[in-house]
Amino acid sequence: GRLINIALVGNPNCGKTTLFNYASGSHERVGNYGGVTVDSKEAYVKQDGYELKIVDLPGTYSITEYTPEELYVRSHIIENKPDVVVNVIDASNLERNLFLTTQLIDMNIKVVIALNMYDELEAKGVKLDYQTLGKMMGIPIVPTVAVKGLGITELMSKIIDVYEGKDSTVRNVNINYGNTIESSISKIQSLIQQDKAAANVYSTRYVAIKLLENDKTTLSTLSKSNNFNMISEKVSVEIQRLEKEYGENSETIITDAKYGFIAGALGETMVEGKVDKRKKS
Ligand code: GDP
Ligand code: MG
Ligand code: K
Numbered sequence: 108g109r110l111i112n113i114a115l116v117g118n119p120n121c122g123k124t125t126l127f128n129y130a131s132g133s134h135e136r137v138g139n140y141g142g143v144t145v146d147s148k149e150a151y152v153k154q155d156g157y158e159l160k161i162v163d164l165p166g167t168y169s170i171t172e173y174t175p176e177e178l179y180v181r182s183h184i185i186e187n188k189p190d191v192v193v194n195v196i197d198a199s200n201l202e203r204n205l206f207l208t209t210q211l212i213d214m215n216i217k218v219v220i221a222l223n224m225y226d227e228l229e230a231k232g233v234k235l236d237y238q239t240l241g242k243m244m245g246i247p248i249v250p251t252v253a254v255k256g257l258g259i260t261e262l263m264s265k266i267i268d269v270y271e272g273k274d275s276t277v278r279n280v281n282i283n284y285g286n287t288i289e290s291s292i293s294k295i296q297s298l299i300q301q302d303k304a305a306a307n308v309y310s311t312r313y314v315a316i317k318l319l320e321n322d323k324t325t326l327s328t329l330s331k332s333n334n335f336n337m338i339s340e341k342v343s344v345e346i347q348r349l350e351k352e353y354g355e356n357s358e359t360i361i362t363d364a365k366y367g368f369i370a371g372a373l374g375e376t377m378v379e380g381k382v383d384k385r386k387k388s
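So for the sequence shown, the UniProt record's numbering puts the first residue at 108; every next one is plus one.
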């Protein structure tokens with residue numbers, strides 16, 4: 108059948124491997140990728156005339172550049188360009204798990220969320236309007252209980268729908284970072300719009316956001332650009348402007364804005380159960 112390349116990403120302990128093992132049955136193949144200390148597993152699954160190649164990537168809380176796992180996940184997404192990324196999230200820990208999701212939203216790639224540990228969410232009495240949450244993020248959400256194999260077939264069908272462009276929830280969402288940051292994003296974006304190195308890394312908006320976070324990995328992807336000096340100078344100027352206005356480092360400012368987006372989305376879609384008092388950490 109036709110091949111769909113799928114990558115599983117998510118926080119450590121969200122049930123990614125359990126889901127992978129269930130989906131792949133005994134066809135799982137363990138492989139070490141050369142030159143990296145972190146490994147990933149891949150398996151092939153047949154469904155609806157497709158062959159789904161699923162790669163279980165290392166668990167990460169973020170896709171920045173601070174650990175080998177983060178860099179591995181990031182380069183897999185950027186270089187292998189999976190057709191669909193499955194973001195497995197622990198439903199019992201939504202706020203933290205959705206942080207990674209906001210980075211995938213910035214990347215403007217095809218994503219499906221496996222809302223795993225849905226049993227734990229129900230046990231806590233939490234009410235979540237996950238369809239509306241998905242619409243707010245432009246990402247379809249499928250509840251799963253990987254330990255019991257629940258929702259996996261639905262997840263695979265959803266992946267195929269998204270791959271075929273048939274899912275109406277899918278849309279390009281721009282997280283609104285507020286006027287100050289948005290104006291910095293626009294300025295950087297217009298500088299890199301014509302740049303081939305930047306155009307290679309998904310959306311220029313994503314590249315602009317990463318540059319404003321002072322992400323060295325992203326800056327180095329532009330090192331061959333004719334405009335490199337101009338770009339890196341502009342980035343410094345914008346970072347300084349943001350840090351002066353907010354009194355914090357630019358990465359923190361953008362992280363806070365992402366958590367603001369998550370809080371807003373959950374505020375509209377989630378009602379905590381009686382058993383579990385809202386915890387702030
Ligand atoms: P990974 O680190 O994301 O690969 O997570 P694992 O697959 O190793 O799972 C972490 C733990 O969560 C294991 O003890 C699993 O049995 C458990 N687990 C996985 N999926 C579910 C689920 O849907 N519900 C519940 N209650 N536990 C789950
Ligand atoms: Mg695992
Ligand atoms: K848990």
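Positions of the beta carbon are idealized from the N, C-alpha and C atoms, including for glycine.
Can you tell me which of the options puts its alpha carbon nearest to the alpha carbon of residue i?
{"i": "N187", "options": "V162, P175, N204, F206", "result": "V162"}
{"i": "N281", "options": "Y157, V180, K365", "result": "K365"}
{"i": "N286", "options": "L178, E352, D146", "result": "E352"}
{"i": "N223", "options": "K123, E289, T362", "result": "K123"}
{"i": "G241", "options": "E375, M214, A150", "result": "E375"}
{"i": "V180", "options": "L211, S339, T239", "result": "L211"}
{"i": "D226", "options": "R278, I196, K341", "result": "I196"}
{"i": "M244", "options": "E379, I346, I267, L373", "result": "L373"}
{"i": "V145", "options": "L178, A130, E158", "result": "L178"}
{"i": "I216", "options": "L235, A230, R203, H183", "result": "H183"}
{"i": "N128", "options": "L110, E355, V152", "result": "V152"}
{"i": "K320", "options": "A114, I292, R203, V233", "result": "The displayed chain sequence assigns Glu, not Lys, to residue 320. For E320, the nearest C-alpha among the options comes from I292."}
{"i": "T167", "options": "Q154, L205, A130", "result": "L205"}
{"i": "S357", "options": "E202, A315, T328", "result": "A315"}
{"i": "D302", "options": "G367, I170, Y284, T328", "result": "T328"}
{"i": "L185", "options": "I170, A198, T174", "result": "Before going on, a small fix: residue 185 reads as Ile here, not Leu. Measuring from the Cα of I185, the nearest candidate turns out to be I170."}
{"i": "I266", "options": "E158, T174, T125, Q347", "result": "E158"}
{"i": "C121", "options": "E202, P189, T174, V233", "result": "E202"}
{"i": "residue 48", "options": "D213, E229, D322", "result": "Examination of residue 48 is not possible in this model, given that the chain is present from 108 through 388 alone."}
{"i": "E345", "options": "Y313, S290, K273", "result": "S290"}
{"i": "F368", "options": "D322, K273, E355, N283", "result": "N283"}
{"i": "A198", "options": "T174, L228, P189", "result": "L228"}
{"i": "residue 79", "options": "S264, T174, V233", "result": "The shown model of the chain, from 108 to 388, leaves out residue 79, and the question about it has no answer."}
Below 8 Å between beta carbons: does that hold for residue i and residue j?
{"i": "E237", "j": "I246", "result": "Note that residue 237 is Tyr in the sequence shown, not Glu. The answer is no: Cβ separation not under 8 Å."}
{"i": "V218", "j": "N194", "result": "yes"}
{"i": "I295", "j": "V342", "result": "yes"}
{"i": "I361", "j": "I299", "result": "no"}
{"i": "L318", "j": "T311", "result": "no"}
{"i": "E176", "j": "P165", "result": "yes"}
{"i": "G117", "j": "G156", "result": "no"}
{"i": "K148", "j": "N112", "result": "no"}
{"i": "T208", "j": "I220", "result": "yes"}
{"i": "V191", "j": "V269", "result": "yes"}
{"i": "K231", "j": "G380", "result": "yes"}
{"i": "L126", "j": "L110", "result": "no"}
{"i": "M377", "j": "L235", "result": "yes"}
{"i": "I259", "j": "A150", "result": "no"}
May I ask you to list the residues that DSSP assigns as paired with residue i?
{"i": "E158", "result": "L110, K153"}
{"i": "N215", "result": "Paired residue(s): none; N215 is not in a bridge."}
{"i": "I220", "result": "N194, I248"}
{"i": "D163", "result": "L115, K148"}
{"i": "K234", "result": "V378"}
Please list the terminal residues of the continuous alpha helix (DSSP H) segment that includes residue i.
{"i": "L262", "result": "259-270"}
{"i": "P175", "result": "175-182"}
{"i": "E358", "result": "357-376"}
{"i": "T125", "result": "123-131"}
{"i": "I288", "result": "286-299"}
{"i": "D226", "result": "225-230"}
{"i": "T171", "result": "Segment: none, T171 is in no alpha helix (DSSP H) and carries neither H nor E."}
{"i": "V280", "result": "From DSSP, V280 is part of no alpha helix (DSSP H); its letter is neither H nor E."}
{"i": "T311", "result": "311-319"}
{"i": "K323", "result": "323-328"}
Taking the continuous beta strand (DSSP E) assigned at residue i, which residues delimit it?
{"i": "V344", "result": "Element bounds for V344: not the beta strand (DSSP E) but the alpha helix (DSSP H), 335-353."}
Subject >> Cβ pair count under 8 Å reaching 3, the stretch 250-257 against the stretch 321-334 >> reply: For the pair of segments examined, the stretch 250-257 was found not to touch the stretch 321-334: the number of CB pairs separated by less than 8 Å stays below three.
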